[in-house]
Amino acid sequence: MKYVALLSGGKDSCYNLSHCNANGHQLVAATLSPQSGKDEIDSYMYQTVGQDAIEFVARALEVPLYRQVIQGDAIEQNAEYGSRIAGGAGVLGDETEDLHTHSTGL
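The sequence shown maps to residues -8 to 97 in the numbering used here.
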């Protein structure tokens, strides 16, 4: 199965890649990153500290790397996100919407 991995550069996302690879899945790498000049952002969803290592991980795994800057903020901070209605909308301006935009373009 093909899958998209959100790479943070941390040990957990790297372990996830290794585990999926060991189970025969095909990786298409993707990541969301902070704006240029920022090392870390105040995010409920994304770890951005290890962003410098992501290009090295993608090169070592010989997979394409698709990057997009996180534009949204951590607006929705509750246990549930967006509408509970099938096909309902997310939260305008939330950082999660960046993931949706990024993944639909792959």
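Note that CB positions come from ideal geometry on N, CA and C, so glycine has one too.
The structure presented is a predicted model; accordingly, all values stated were derived computationally and were not measured.
Among D89, G81, G73, which one has its Cα closest to the Cα of Q62?
D89
According to the Cβ coordinates, are Q59 and H91 closer than 9 Å?
no
Continuous alpha helix (DSSP H) stretch holding L90: start and end:
86 to 95
List the endpoints of the continuous beta strand (DSSP E) containing L83.
No beta strand (DSSP E) contains L83, which DSSP labels as neither H nor E.
Considering only the alpha carbon of each residue, which of T95, N12, G1 lies closest to E53?
N12
In the DSSP assignment, what are the bridge partners of D3?
Bridge partners of D3: none, in fact.
In angstroms, rounded to a whole number, what distance separates the CA positions of N7 and A44?
16 Å
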